[in-house]
Every structure is written in structure tokens, then in C-alpha cells.
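Note that the numbering used here has the sequence shown beginning at 32, numbered continuously upward.
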Amino acid sequence: MTTLVVKSPYGTAAIDALDRVVRSLQHDDPFQAVTVLCPSTPAGLVARRTMLTLRPGAGLTNVGFMSVNRIAELVASASLAADQRFPASQSVVRAALRAQLAHDPGRFAPCARHPSTELALSRTFREFTRLSADERERVAGISAVADSAIALCGGALERLHRHRSAAAIPPLSSNLDSTASHVPSSLGDPSTGGFYTAEELIDEATVLISRRPELIGPFGALVWYLPQPIDDVRGRFIRSLSRATELHIIEGTTGFPAADNATAGAVARATGGDERATRVPASGQPGPVELRGLPDPESEVRAGLRALLGARDRGVRWESMGLVFTNSSYEPIARELLDGLRIPSWGLPGSSLADDAAGLMFGGLVRVLRGDWSRESVSELFVRRGLRFGGRPVPGDDWDRISRAAGVVAGVRQWTTRVARYRERLVRQQADSSQTEPALADEVTLCDGLSAFVEWLIALSDNLAACQTWAQWGGVMARSWQDITTGPHSCADGERSPGSGTRSAPASDETGDGDPGFVLVSELVESCQDFDGVEPFVSHRRCLQAVLSECEETQLPARPACRGLFVGPIDATIGLTFELVVLVGAAEGDFPRADRPDPLLPTRHGSVGPMVERESTEHRDLRLLLGLLASAQRAVVLWPFGDQRRGRDRTVCRWFDASTSVALPLPGDGRVSDHDAQDGDGADADDVVAAMHSDRSGGARSVAVQSRTVWNRPEIEVIDLGTDASVSAALAVGPVPLSIDEWETQQIGMAGCSTPEDIAGLLTTPVVHSSQWLDRSVRRALSLSAAWSRFDGDATAHPPVGALDEILSASRIETYLKCPRRWLLTYGLNVGEQVTPETLQTIDPRTRGSLIHEVLERFISDQIERYPQGVPPDHHWTAQERSSLHAIMNDLADDAERSGTTGLGAIWRFERHKVAADIERFAGQDNDFRHSLGVSPSATEWKFGFDRHDSGPPATLTLDDGREVRFRGSIDRVDVGDARVVVTDYKTGGRLNEADHVQLPLYALAWGGDLPISSQYWYTAERAQGTSPFDQYEFSSSQRERLIELVSTAARMIEGGVFPANPGQAESWTNSYTNCMYCPMDDVCRRDRQARWEEVRFHPHVEPLTNVLEANEGQTS
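Here's what the structure looks like:
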């Protein structure tokens, strides 16, 4: 049967085409059944409402809107249910995967019990079910991991098929003829029962329709509205529909083949090429697209909401507007602002159940039942909102106070004994008191309630541990959850209402009954009772983890569709129409989004061939963008020009970027320009969206707009409003404040400020002058327009006093030369890092370096004592001496492990092997070093400048202004030979940049003597093949002059109060900078540190430091 394909632009033109097709189908019979297959439920609602506006005085009769999956369910669910086969929920699928992982994990054995493995495989399972047997075999041959993933998913699918559910057959909701239930199922042996997947449901529907085309009769004529890329399973199903009844297709087009190829392929797969196409022209002229850059994502969302609020004030309905984002990072920002403004909205997915009050309470219960009886964990449980005990809300804060007073720290025994002893102490105080004290009586009652609750938890843990099946465990847990959330249970008298002998009924507004989160948790726990046929019962701990994982993957119900402002991802906008839409997140790197294929199932591998329709992410995002712009009368596109995390500038999305001629991807080289644009028949682009040229000038952009035609349709005008990083933009506040910060800004009069002078004037206002916090905040805002301020490190008004009078260390000067801000925080303000060993994942690099230093120092010291005449330069360390070296390492490593500074045990064992390898490598390097230079170790940890008997005198350096500066330090090692002295500093990290290091020259200066002195860094870590572990330098007159220059510059800058933050070069692989990667002050520095350094580095106060560092870098290179 020939299929009519109507090619139409997205938006109202597509809905108009749909209305015309439906009118033509019902032309002879107004009651003719028509079913529209929609890309989503909201798209169907929007289409229905718009079509009604196109039919004044008439209506839509016998026209249904549903998804492809829904029509397959209505066709095939009856026959499957008759064979005792039921849909497999995601929780059932994950249960089957857990069972298969326990049975035969394959390559996943090391991580088989980790919850993330189960969740990753559940996503892979959805892709697996779309593949045919031949395709699965080809994918399995790509890699060992793919083979294991295919085997695991196949085993889980067999478990689902073998399961026989004891549940009753669900009632059918279908307008199909009852004879459909008598059609035998094609999914294997009907007597086996079991679960089926969504793809198996669609396959079953395909087979049923091919056998009995009349089953599709009740649906009437079919219209596939705005088809999206589909897999082979759904392609075969729609192909069967086209053979059984009349099928029309409204295909949305953008005019760009790269964006339309995937949808065109879906149509071709569904029709088998048997189609007759017609084209619908665009209806009306789309409105302008306003493009604007803002400092950060939060500013984007705020600006977007202001635009929407302004349109609402002009009479535009919320239902006709949308706030669309390109990635999920905007979701929490939008939620927070919308909740504060109480704007009716829909489109955002429901939040995770694990983050809801019910999920948090269940997570706290799980931690306790898994054995964490610390006071923090138990208290965290009973202070949760919604927890009830004995029919009443628990006094969580009072119980927490009592547990502290009783001295509870951790362990079940402490909860039972110490609370009991505390109660006894209260009873004795009450007995000794001459008069009745109600406070003591209330405390005793609270102790009784807390003890009863603890006993209830202990009994619940014992009951769960005694369970042998999922059904038993689920029943116990479901009843217990019901007891502590919605009603009373049978328990001791301590849980009864005081003085009544009966349990009090819960107030309707205090119970969790009816709360979606509590209901969902209850349903998840009850659903575990059906797992016995899928997953063998292992232990109640595994059950707890399984339900906890389900909470993390389950979402709360979303708000009803099409009620209020649409707020959601761009993926959900297909089929929607807007009077005004705001798109946020249009920055390069965020949009188009990166391709993220399934790492476990590489179905895009070239050897696999086409299986599931997969368009590139770039082409899909282009289609979504153009479809969104075509669906809106007016569009505002916002993008963040600042990267808050990396502190870098960002660029606008490539499709709006003037530097790329705003070229949109097309076949061939993927771009078009002014000279490459080709005329077409309406299916190809005549040119691109627009060309924009802009340049920065004084913090803003001058705009020149050039518009060109798209799709051979009237122009889409893109207006680049540029970016503004000035004070007025940073402090812009609309008439309606969107946050507490904006409200406070409005209160102090900052909302009307447009120049730095206006901001400076605020400093004299009484409100700001009376608040130190407001004064500092206004000055910080004023610094945004200043080239050099105290927020950039200008302390010239209060420079450090006497900073160079004491004996200094080389590290102090090096710290300043590397980053003056770190010197200010560390040595000027004495800010230090608080070390918490219990939070360490692995050994800290500094701790690792100290360990290796101490091992080498102790070993070389032992050898100096063993060889009074000096270790012979040509002596090679013997096996016994190497054994001694490793024995020292093991002793010190054990001490470090006992001190708790080495991190997690498994990671420390790996790091310990690496330390042992570094130590063994050192022994061989030391043999070569002594032999090549003819030296022997003379001293280790030789100190100078300290007030102790074994220390040498301070090293004195005369600066270029005639002053003398004294230094102290400790040289890791000194080797002496007949013709030279070598001073060594061990380094356990990467190579250093000598441009700003003064340590080795100072060491050579401190040792002195008549022999020539060489200094070196000795890198103990493994190095690339052929790379020397030594960086050696001769202490010459030029090095001495360089040392004086560096120290003199640092001294003048410190005494002058100049402390800018110098982050160094950007490191993309760490999202940090060379000077910040291991700096403990990284978290307290501003995010735009690199941009600010570039602005102040040539300021007259900072330029001397910049010049000396850059000059030394040139000498070093």
C-alpha cells in the first residue's frame, strides 16, 4: 500500500499539515477513526489544542493521539497476558542482571558486586534488546568486554523468559476486539510464562498484525506525526502497519540534509521505499533570533526568566513560552529559581527518589540495617522528616540530644546500655528530688521511646537476616516501612501514647501516607517479592543494596504536561510550539554535545554494520536547534562566555560563531560559506542562518547584523547583542528580584548603578557603610572594572612589616616567585591546610615524598658510618646492602600506614609497590652517579642557619640595593670527590622549571669551600626511556647574579605589598593550572584567576616581577 509522505517544516506548519491530512481522511465520514502516532505525549497535546484552534466551531471527533509503543501494547498485550507473560520493569531487569553477574560475571568479575556495574549493564541491556541474533554475534566479536556484555545480557534475558509470575493478569485497557486475546503468542513456548521486553512486545505486535491485519481496524487510518530516528524493531512494526491500513506521514524537515538524513532514513525504513512524497511550504515568517552572551549559567537562566516574565506582563500565556537548556547542568539552577518565583511549569524530569525526603530516610535506615550503628548514622535516621514510631512523629532532636548526653559513640551495645544507664541516672535524680520535676519525667519518657526504637531496629535487622527468600524479605521490609511512615504497629508499651494506654492516630498532615516519595519506596520494596523466580536470594544486605540502587534510579512523578511554562531539555521540544522560547547553554563544548557511545556495547564499530539508526550527535543537535527555532515566533539564545570551573573564556556555539562564518554542517566538508552556498529545490539550504561580526570594545561588542535566507524561506534574522562583562552587567537586576542576592542588591540601591562611579557612590550610603560585609562586597564589585585592586593582590596600603628581617628559607622566595598570592596566604596570613587522614583515598604526594626522603637519608647515613674512609666511588651496592635499603623502606612504610596517612588499603598496596620500585631504581642510579663523577657521600640532611649545634652558619646574600638577607635550609645530600662537590636535592615529582627556583644556588652558596660546586635535582620517580634522572648545574658567577636578581625582585615586591595570583599555564588534562594543581590554596582562589593575571601582569606594580620571570624563562630555555 503506497504511503503518503508530507514533508513540512517544524512548528505550526507541521501541525497545519497534520490537520489537513486528518480533514482529508474524515472528509467523507466525519466519524472515521484516525490515530496519530506522536513523538511524545506533550507533542500530541499541543497538536490537538492547535488543531482545535484551526477548527472554530468544530471539534476533533474520533481522533486519537498515542506513541508507537502504546499502539503496540494495545495490539499485543492481550495475547502475551493470556500466555502468562508480563512486561519486565527496570527493577526486574536489574534483578536478572544481578543474578547473571553472580552466576557468570565473565570480564566483569572484579567489579561484579559494585552497584555501578549493575546500573551500567541495565543501560546496555536496552541497547542489547534492539539487536538481532546475528548482530549480537558480530558485536561480541569486537572485544572481550563486548563479548562478556553480550553474554551477560543474553543470560539475563533467558532468566526473564524462564520466570513464571504469580501475579494476576492485569486488566486490559483496549478498544480492540476481544478475539485478539485468543491469538497465540509468538514468543517461544506459551507454557513457560515469564517477562517480555518492550522490543519483544513490538515484535509480537508485528507478527500479530501480519497474521491478522483486522486487529488494526479499530485504530482506523494512521498518521505518523514528526517521525524520529528508529531502530529496526520499530521500523518493521510501522512497515506492518502500512501494509495493514492506510498510513500517512508528516515528516518534519529543516532544509539541511545533514540534519534531515536520520528522519528520512526512518521514513524509508518504515515504508520500504513505497511512498509518495509532497512538500508543504513554510507558513509565515519566523521571528528574529536574539543572541546574547552572559558571564555564567546562572546569569543565563536569570536573564531568560526576566525575558519570559516581561512577555507574561505583556499578556503572553505561560503555556506559550519555554525555557530550554542544552545540558542537564542547568536543571538544578532552573529548579531553584522557579521554586522561589512559584512560576507554574512542566517539562523537568522528576528528581531522583534518593534525593527526596522518603529516599533519604530509607537510605538512613539501610545504613543502620547494614551495620552502621554510629551515633551520626542513627541520629541522621530519626531526625528525618516523615519518620513515625508508635503512631506519632518521633522527637528526633530530643533523641539526638539524649544520645549525646548518654555518651553514645557507635555500636549496638552502646545504644542499649548507655541510654539505659542514662535513664537510670535520671530516675535517681528524680527520686532524690524533694518535689516532682516535669522536665526529668519528660526526659525519662524520651529515653524510653529512644530505647524502644533502638530495640525495634535490632529486631528488624534480626528478622531480615532470618529471611530465606525475596518474598519473605520484601514482606517484612514492606510492613516495617509502613509502620514507620504511615501508621502504628504491634510493639511494647513504650511506644504507646503516654497516659492513654492506646496508640494515637497519626494526623493527616504529619504522616507520609500519600506522599509520592513514600509511596514509591513502598512500591519498590513490595516489588522485591516477585524477584524469587529471577534472582536467587543471597542475603538481606544484598537486598538492601538492591532497593537502595532502585531508589537512585527511580524518579518522582513529573508535573502534568502543558500546564504552565515549559522548562526542559532541547530533546523534549520536538512537536512543541512557542510564542517565545529562551535557549540557554549555547556555548561551544556544551552544544553540540559530545558523542557518548556505550563503552560496553560498541555497536558503532565499523565492522558491525548498520543495526540501530544512529545519527551523529552533532547532526541530531542541529536538527533539534533548527526545529526549535522554526517552532517559535521569537527566540532568545543565551550562552555563557565564562567558564567558572576552569576560569577561562568560552565561545558561542559554532552555528552562531562569526569566526566560523556561522556555517552549518552539510555533506562533504560539513560547512558552507558565502561562496559555497548553492541553490536548491527547497530541500537544501540556500545559505546559512546569519553572519555576525563583532569585536570587543570596552567590555561590550559593536554589532553588525547580516541576514541570509534559510530553506529558500523568508529570512531568519539573528541579532547578536554581544557580551558585557562590565559592572552594570554583573550587577544587573530586573524589576522582579529572582533571588535573595538580587533582593538585597535592590534594597541597597545597586540595581540602578550603570557606571563604576555609581558603584563607588554606594560606599557612602548608610546601609553599606554600616555593614562590613556589604562594604567588602561593593568594593569587590567595583574591582571588576579596575585594572589593579586589593582583590587582585594590591596590599601596598598595608605591606608586610619585617618580612625579610628573620632568617628565610629558599622555599619562601620560590613560593613568591611562583605565586605571590600563595606567599601572602601561607606566610603573610598564616593560612594552612587542615589534614583529615580519614578522608584520604590515596597517599598524598607530599607524604610520599617525605617517605622516600627519609628512606634514602637513613640508608646513606648508615653507609657513611659503615665506610669511615668514604664509600668507594666504584663500589656497587651489594645484595645485602640493597636488602637493608628495602628493610628501611618497609619499616617506614609500616609506620606511615599505622599513622593513617596512606589512604585506602587496596590503593596503598599498589602505591607501596611503586615506592619499592623507586627505591630499587635509586640503588642502580646511585652506583652510576658515584662512579661517573668520582664522588662519595659525605653528609645527609646537612643543615645551615638553624640554632642548633650541628648546623652550619646561615647563607648570606647581598642584594642589589646593598642589604643582606640570611637563609637557612637542609641539603638532602652532599657528595665530595677529589675535584668537586655535588649538593643534591631529591625530587619525587615531575621536573621543575628553573626560571623561578633559587634552592640549588643557595645550597651551593651555603656549602662554600674551595672546590668547584655542582648542584643537582635527583628525580627518583620512573622516567621515560633515555631520560636522565639528574638536572645538574654548575654554581658560576652568572648563577650567582641570577640568584641575586630573583631574590632582590622578590624582596622589593614583598615589602611593597604586591601579591597577584599567578596560576601559570592552563593544563587541560587536569582542568587546572601548573601552579595550582597541588596548591592547598586552590579552593580559596577566584575562578577567573588566569584572566585576571593577564590583566594585571603588566600593571606598573606587577611588571617588574613579570619581566624578571620572563627573562629567566628565556635564559632557561
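Every residue gets a Cβ at the ideal spot worked out from N, C-alpha and C, and that includes glycine.
Query                                                                                                                            : Result
Cutoff 6 angstroms; reference Pro-260; Cβ partners in own chain excluding five residues on either side                           : Ala-293, Ala-297, Glu-644, Glu-646
Through-space distance from Ile-1002 to Gln-1070, alpha-carbon basis                                                             : 18 angstroms
Three-pair Cβ contact test at 8 angstroms for the stretch 248-257 versus the stretch 34-51                                       : yes
Bounding residues of the beta strand (DSSP E) (the contiguous stretch that carries Val-254)                                      : 252-256
Cβ-based neighbour list, Val-507, same chain, cut-off 7 angstroms, excluding 5 preceding and 5 following                         : Asn-494, Leu-495, Cys-498
Supposed contact pair Phe-597 and Gly-353 - C-beta distance, whole angstroms, cut 8 angstroms                                    : 4 angstroms
Simplified DSSP assignment, three categories, for Gly-266                                                                        : helix
Identity of the residues DSSP links to Val-37 by a beta bridge                                                                   : Ile-281, Thr-309
Residue-chain proximity (Val-996, chain D), Cβ-Cβ < 8 angstroms                                                                  : In the structure shown, chain D does not exist; there is a single protein chain.
DSSP beta-bridge partners of Thr-971                                                                                             : Arg-1004
Straight-line gap, Phe-159 to Glu-189 (C-alpha atoms, nearest Å)                                                                 : 13 angstroms
The stretch 609-628 / the stretch 581-588 touching (three or more Cβ pairs under 8 angstroms)                                    : no
contact_flag[the stretch 227-244, the stretch 98-107] where n(CB pairs < 8 angstroms) is 3 or more                               : yes
Residue from Asn-958, Ser-1103, Asp-926, His-1132 whose Cα sits closest to the Cα of Pro-904                                     : Asn-958
Best match in Leu-988, Ala-592, Ser-174 for proximity to Gly-75 [C-alpha to C-alpha]                                             : Ala-592
Residue range of the beta strand (DSSP E) that includes Leu-860                                                                  : Here Leu-860 belongs to no beta strand (DSSP E), and DSSP marks it neither H nor E.
Of the listed residues Asp-926, Ser-969, Arg-913, Asp-949, nearest to Glu-896 (C-alpha basis)                                    : Ser-969
Sufficient close CB pairs (3 or more, under 8 angstroms) joining the stretch 978-993 to the stretch 1008-1025                    : no
For Leu-653 and Asp-717, the rounded distance between their alpha carbons                                                        : With a pLDDT of only 28 at Asp-717, under the threshold of 50, the placement of this residue in the model should not be trusted, and no figure is reported.
8 angstroms Cβ cutoff met for Gly-186 and Gln-115                                                                                : no
Best match in Pro-671, Phe-687, Asp-875 for proximity to Arg-681 [C-alpha to C-alpha]                                            : Pro-671
For Glu-928 and Arg-879, the rounded distance between their alpha carbons                                                        : 11 angstroms
Exposure label - Pro-1032; buried when at least 16 CB within 10 Å                                                                : buried
Residues bridged to Glu-995 (per DSSP)                                                                                           : Thr-989
Buried or exposed (CB count within 10 angstroms, at least 16 for buried), His-58                                                 : exposed
Burial state of Thr-932, where buried means 16 or more other Cβ atoms lie within 10 Å                                            : buried
Three-way DSSP call (helix, strand, coil) for Asp-680 in this model                                                              : strand
Cys-850 and Asn-1138 closer than 8 angstroms at C-beta                                                                           : no
Residues sharing a beta bridge with Ser-1103, DSSP                                                                               : Glu-1098
For Trp-404, three-class secondary structure by DSSP                                                                             : coil
Own chain residues within Cβ distance below 6 angstroms of Asp-524, not counting five before or after                            : Its pLDDT being 36, under 50, Asp-524 is placed unreliably in this model, and the value from its coordinates should be taken loosely. Excluding sequence neighbours, Asp-524 sits near nothing in its chain.
Neighbourhood of Pro-375 by C-beta distance below 8 angstroms, restricted to the same chain and skipping five residues each side : Trp-349, Arg-594, Gly-595, Leu-596
Span separating the alpha-carbon of Trp-804 from that of Pro-797                                                                 : 13 angstroms
Inter-stretch contact (C-beta, 8 angstroms, three-pair minimum) for the stretch 823-837 and the stretch 1083-1090                : yes
Same chain, Cβ closer than 7 angstroms to His-636, five either side skipped, listed in chain order                               : Reliability fails at His-636, whose pLDDT of 45 lies under 50, so the model's placement of it is uncertain and the value that follows must be treated cautiously. Ile-173.
Alpha carbon of Lys-974 to alpha carbon of Phe-953, nearest angstrom                                                             : 23 angstroms
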